[in-house]
Amino acid sequence: MPLLIDRQLVENKWVFINPEEGQQSSDLVVGIEYLLIPYALIEEIAILNLEAMGPQLLGVQINGDDDISDLAKWLPQLTLIAIEFPVFRDGRGFSLARQIRRLGYQGELRAVGHFGRDQLGYLQRCGFNAFDFNGDIPTEELVQAFDEISFHYQGAADDPRPIYRQEIISELS
Amino acid sequence: MYQYNKVDQKIVDERVEQFRDQTRRFLAGELSDDEFLALRLMNGLYIQRQAPMLRVAIPYGLMSANQLRKLAHIARTYDKGYGHFTTRTNIQFNWPKLEEVPDILAELAQVEMHAIQTSGNCIRNTTTDHFAGITADEIEDPRPWCEIIRQWSTLHPEFAFLPRKFKIAVTGSSEDRAASQVHDIGLHLVTNEQGEVGFEVLVGGGLGRTPVIGKVIHEFLPKHDLLSYLDAILRVYNLKGRRDNKYKARIKILVESMGIDAFRDLVEAEWQLTKDTELRLTDDEINRVKGFFQPHPYERLEAESPSLSQQLQSDVDFKVWFTRNTRAHKVTGYRSVVVSLKPHLGAPGDITDLQMDIVADLADKYSFSEIRSTHDQNLVLGDVRQDDLYEVWKILAEHNLARANINTLTDMIVCPGFDFCSLANAKTLNISDAINAEFDDLDYLYDLGDIQLNMSGCINACGHHHVGHIGILGVDKKGEDWYQITLGGSGREDASLGKVLGKAVAADEVPSVLRKILQTYVEQRTDEERFLDTVRRVGLDPFKEKVYAVAH
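Going down the list, the sequences are from chains A and B.
Position 123 of the first sequence, counting from 1, maps to 123 under the numbering used here, and the rest follow consecutively.
Position 344 of the second sequence, counting from 1, maps to 344 under the numbering used here, and the rest follow consecutively.
Pasting the structure below:
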């Protein structure tokens, strides 16, 4: 299933593993090259000898209930951070993304779950560069949604300058 | 007032086209009800009992004559010839067609107006004192700060899907005409010991199901840090506010449950990471925005006006109106005129297209082409020469806009209630008519003095009943409308929440119950004591005894 990454349609390589009760996560990860796990399992998974078992790259999926105050220490090991939107109206992911970019994370930041075309501009501004449309195949047309509004008053992850620190304002006054 | 530059205009124009496309996709079935709901609400569009309702933003209640004329045009062309002013100083149109809303928004954009964030779980219109800039007791004009907040909050990428709606009010004087203590954030311009001007910041006030007075989170916030501090509060709220229950999702519930000190700690920790970043306001920006709010080119006038004195002497109706509906201005020879949108019988806050045109023309001719909408659902012509008052009064009176009832019992704040609103449990407009019919003797109302009566048709409290000196809340009991009365509330600098008088009363009993409450006040009051002060001094018991006395 393709995703939108940096405005391109890209095939997804990552496999999300979420062990059910009684399952050993060490069994499930064997043979998976791009391993995506719930953030709650990071302590458990990180101590495994992943490279010997299969996974070459590690990602975590965060939801709004996770406490991410320790996230900074795991960042060097992470190639993907996915943030889950449980429903369209749950906007916690926007702030989580801002905080994660503020920590200096420069890898893929992926929105997963229930978000929509009409949030893409805001999601991108908050630091997301990848979008997994919950099973829907993204269309080329979606890319237009990013730039429907050409100016921004606020600084954000993509451009920290509010309107009053942008060149445009001095040109206008 | 603030004038759009190319960036402001482009953002609003593009937002219109964005919404046009969202409406098209919704009507074509490409956008789900749920997604369109969130998107249309963020553009002020509700689906109500009768029809869609469009709420248009009037940033901090300030509009130009041309803007008001455009609102008249919209009422005439796309609606049924009237609009309704709200306690957020916005205007609502009750009968637009869904498919025409993009065209209405395009018309608004022509005069630098929009409906952005007038609804939905986002940062709403920032409100302020309707006498901002013209009242003598002001530390600083709050409107430039409102405009700075307007720009920062408009289409904010991070704070568009908050747990619940978010309202900010700013005041610049010691008198609070913006109900700032019952806002999610209240900002008070204050001076510190060094003589610097900054903000006292309150958080977690609100009405609705759980009324709360806001708490001080920061005693003196330097001006340049305004946006970074707001940003920190909003981020903490966005991450921590409850999302499992919409009735517990406002920031007041978060602050109450954590305690203000723990909440402050989180905000301060977040703020330390952002206060010295690009978010810090620059002097250039503050001065740029302040430049739009410079005093008008007032004339040098004498304090005494012989013609005014003569008019006041010869025309008692004019004198009554002058006393009740006009107010001292900080510039000698000028007064501020409150245009009453509380006629004898008629929905409080409603205004026809013709009345809007008339007020716009008066503003052009007599008040520097500006009009203010007020928190208590009236309009203000802020800067009228006292020599012109008689002419202004005659024209207002001719168009039923001069009822001399400002700050009296019939200057009620009333939500539209069940007649229009799909959330409401009970009607309100029949009750406000009944109150008007019962209390049509203006001399009696003047004797009662300043009384704020607020009425809501449901627990969501759009009519601010908790902070009325007299509050009326409509409730549904087995399909019938009943009304719960509260006494002793205030939304002003002495903010307090009203206390419930007793069991709810039937619709047809409301006027007679009010009569008894007011009789009790007249019996109990000392010289010059306001209704609110009497209630505070004697408590509810005398009122209860009178209202619920068993008939012998």
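Glycine included, each C-beta is placed from N, C-alpha and C at the ideal position.
Open item on the list: Which residues in chain A have a C-beta closer than 7 Å to the C-beta of B:E278? List them in chain order.
Closed with: Translated into positions along the second sequence, residue 278 of chain B becomes position 278. For B:E278, the C-beta contacts it makes with chain A under 7 Å involve G155, P160, R161, P162, R165, in order along the chain.
Open item on the list: Please state whether the Cβ-Cβ distance between B:T171 and B:D141 is less than 8 Å.
Closed with: One-based indexing of the second sequence puts residue 171 of chain B at position 171. One-based indexing of the second sequence puts residue 141 of chain B at position 141. Not in contact: B:T171 and B:D141 (Cβ atoms no closer than 8 Å).
Open item on the list: Beta carbons nearer than 9 Å to chain A: which residues of the stretch 10-27 of chain B have them?
Closed with: K10, I11, E14, R15, E17, Q18, D21, Q22, R25
Task: Residues from the stretch 132-157 of chain A in contact with chain B, defined by Cβ distance under 8 Å - done: E148, I149, S150, F151, H152, Y153, Q154, G155, A156
Open item on the list: I believe B:E112 touches B:Y4 by the beta-carbon criterion, under 8 Å. Please report the beta-carbon distance rounded to the nearest angstrom.
Closed with: Taking the second sequence and counting its residues from 1, one reaches residue 112 of chain B at position 112. Taking the second sequence and counting its residues from 1, one reaches residue 4 of chain B at position 4. 5 Å between Cβ atoms; contact.
Open item on the list: At the level of alpha carbons, what is the spacing between B:Q117 and B:I123?
Closed with: Residue 117 of chain B sits at position 117 when you count from the first residue of the second sequence. Residue 123 of chain B sits at position 123 when you count from the first residue of the second sequence. C-alpha separation (whole angstroms): 7 Å.
TODO: Look at the alpha carbon of B:V538 and the alpha carbon of B:Q524, and state the distance between them as a whole number of angstroms.
DONE: Here residue 538 of chain B is taken as the residue at index 538 of the second sequence, counted from 1. Here residue 524 of chain B is taken as the residue at index 524 of the second sequence, counted from 1. The C-alpha of B:Q524 is placed about 8 Å away from the C-alpha of B:V538.
- [ ] Can you check the stretch 84-131 of chain B for any alpha helix (DSSP H) of at least 4 residues that lies completely inside it and give the ranges in chain order?
- [x] 101-110
Open item on the list: Less than 7 Å between C-beta atoms, sequence neighbours within five positions excluded: which residues of the same chain meet that for B:H296?
Closed with: The residue labelled residue 296 of chain B in the question sits at position 296 within the second sequence. The answer, listed in chain order, is F368, D383.
Open item on the list: How far does the beta strand (DSSP E) with B:L453 in it extend, from its first residue to its last?
Closed with: Translated into the one-based positions of the second sequence, residue 453 of chain B becomes position 453. Residues 453-456.
Open item on the list: From the DSSP secondary-structure annotation, give me the bridge partner or partners of B:A351.
Closed with: Translated into the one-based positions of the second sequence, residue 351 of chain B becomes position 351. One detail in the question is off: residue 351 of chain B reads as Ile in this sequence, not Ala. DSSP output for B:I351 lists B:G83 as bridge partner(s).
Task: Residue range of the unbroken beta strand (DSSP E) whose run includes B:R15 - done: Within the second sequence, numbered from 1, the residue matching residue 15 of chain B stands at position 15. Taken as a continuous stretch (DSSP letters only), B:R15 belongs to no beta strand (DSSP E), being part of the alpha helix (DSSP H) at 6-27.
- [ ] Using a Cβ-Cβ cut-off of 8 Å, state whether B:N90 counts as contacting chain A.
- [x] For the purposes of this step, residue 90 of chain B is taken as residue 90 along the second sequence, with counting starting at 1. Chain A, which has no Cβ nearer than 8 Å to the Cβ of B:N90, makes this no.
Open item on the list: What does the Cβ neighbour count give for B:Y229, buried or exposed, with the cut at 16 atoms within 10 Å?
Closed with: Your numbering for residue 229 of chain B matches position 229 in the second sequence. B:Y229 is buried by the Cβ-count criterion.
Task: Run of the beta strand (DSSP E) containing B:T198, from where it starts to where it stops - done: Position 198 of the second sequence, counted from the first residue, corresponds to residue 198 of chain B. It is worth fixing the name first, because residue 198 of chain B is Gly in this sequence and not Thr. For B:G198, the enclosing beta strand (DSSP E) has its first and last residue at 197-203.
Open item on the list: In the DSSP assignment, the alpha helix (DSSP H) including B:G61 goes from what residue to what residue?
Closed with: Walking along the second sequence from the start, residue 61 of chain B turns up at place 61. Note, B:G61: premise wrong, no alpha helix (DSSP H); not H, not E.
Open item on the list: Threshold first: 3 residues or longer. Then list the beta strand (DSSP E) segments lying entirely within the stretch 420-459 of chain B, N to C.
Closed with: 453-456
Open item on the list: Check for me: the beta strand (DSSP E) holding B:M53 runs from which residue to which?
Closed with: The residue given as residue 53 of chain B occupies position 53 in the second sequence. Unbroken beta strand (DSSP E) run through B:M53: 52-56.
Open item on the list: Suppose the cutoff is 6 Å on Cβ atoms and the five residues either side in sequence are ignored; what does the same chain contact list for B:C458 look like?
Closed with: Translated into the one-based positions of the second sequence, residue 458 of chain B becomes position 458. Once the five neighbours on either side are set aside, the close Cβ partners of B:C458 are L423, A424, N425.
- [ ] Can you grab the Cα-Cα spacing for the pair B:L448 / B:H464, in whole Å?
- [x] In the second sequence, counting from the first residue as 1, residue 448 of chain B sits at position 448. In the second sequence, counting from the first residue as 1, residue 464 of chain B sits at position 464. Taking the straight line from one Cα to the other gives about 21 Å.
- [ ] Can you grab the Cα-Cα spacing for the pair B:D284 / B:H224, in whole Å?
- [x] Sequence index remark: in the second sequence, residue 284 of chain B carries index 284 (1-based). Sequence index remark: in the second sequence, residue 224 of chain B carries index 224 (1-based). B:D284 and B:H224: Cα-Cα distance of roughly 11 Å.
TODO: Under 7 Å between beta-carbons, which chain A residues line up against B:E196? List them in chain order, please.
DONE: Counting from one through the second sequence, the residue named residue 196 of chain B turns up at place 196. Chain A residues near B:E196: none, gap ~21 Å exceeds 7 Å.
Task: Completely contained beta strand (DSSP E) runs for the stretch 276-330 of chain B, where each covers 3 or more residues - done: Whole beta strand (DSSP E) segments, 3+ residues: 326-328.
Task: Reference B:D133, options B:F322, B:Q294, B:V392, closest by Cα - done: Position 133 of the second sequence holds residue 133 of chain B. Residue 133 of chain B is actually Gly in this sequence, not Asp. Considering only alpha carbons, the answer is B:Q294.
- [ ] Mind checking which residues open and close the beta strand (DSSP E) that includes B:Q3?
- [x] Translated into the one-based positions of the second sequence, residue 3 of chain B becomes position 3. B:Q3 -> no beta strand (DSSP E), and no H or E assigned at all.
Open item on the list: Between which two residues does the beta strand (DSSP E) holding A:S25 run?
Closed with: Looking up residue 25 of chain A in the first sequence gives position 25. A:S25 -> not in any beta strand (DSSP E); alpha helix (DSSP H) instead, spanning 25-28.
Open item on the list: Whether or not the stretch 233-247 of chain B and the stretch 90-98 of chain A are in contact is what I'm after, with contact meaning three or more pairs of Cβ atoms, one per stretch, closer than 8 Å; do they touch?
Closed with: yes
- [ ] Would you kindly report the start and end of the unbroken alpha helix (DSSP H) that includes B:G471?
- [x] Reading the second sequence from its first residue, position 471 is the one you call residue 471 of chain B. Element bounds for B:G471: not the alpha helix (DSSP H) but the beta strand (DSSP E), 470-477.
TODO: Identify the contact partners of A:F94 in chain B, using a Cβ-Cβ distance below 9 Å as the criterion.
DONE: Here residue 94 of chain A refers to the residue found at position 94 of the first sequence. Going along chain B in sequence order, the residues near A:F94 (Cβ under 9 Å) are P157, E158, F159, A160, F161, N238.
Task: Proximity to B:S456 [Cα-Cα], best of B:D450, B:G468, B:V338, B:L445 - done: The sequence position of residue 456 of chain B within the second sequence is 456, counting from 1. Here the closest residue by C-alpha is B:G468.
Open item on the list: Along the chain, where does the beta strand (DSSP E) containing B:Y46 start, and where does it finish?
Closed with: By 1-based counting over the second sequence, the position of residue 46 of chain B is 46. For B:Y46, the enclosing beta strand (DSSP E) starts and ends at 45-47.
Task: Beta-carbon proximity list for B:K70, same chain, < 6 Å, skipping 5 on both sides - done: Within the second sequence, residue 70 of chain B is the residue found at index 70, counting from 1. Excluding sequence neighbours, B:K70 sits near V111.
TODO: Establish whether the CB of A:D27 and some CB of chain B are separated by less than 8 Å.
DONE: Locating residue 27 of chain A in the first sequence gives position 27, where the first residue counts as 1. So no, A:D27 is outside the interface.
Open item on the list: DSSP three-state label for B:S153, please.
Closed with: Taking the first residue of the second sequence as position 1, residue 153 of chain B is located at position 153. Three-state DSSP puts B:S153 in a helix.
TODO: Examine the Cβ distances between the stretch 119-129 of chain A and the stretch 96-108 of chain A and report whether three or more of them are shorter than 8 Å.
DONE: Cβ pair count under 8 Å is three or more, so yes.
Task: Proximity test, Cβ basis, 8 Å: A:Y122 and chain B - done: On the first sequence, position 122 is the one that residue 122 of chain A refers to. Taking Cβ atoms only, chain B reaches closer than 8 Å to A:Y122, which makes this a yes.
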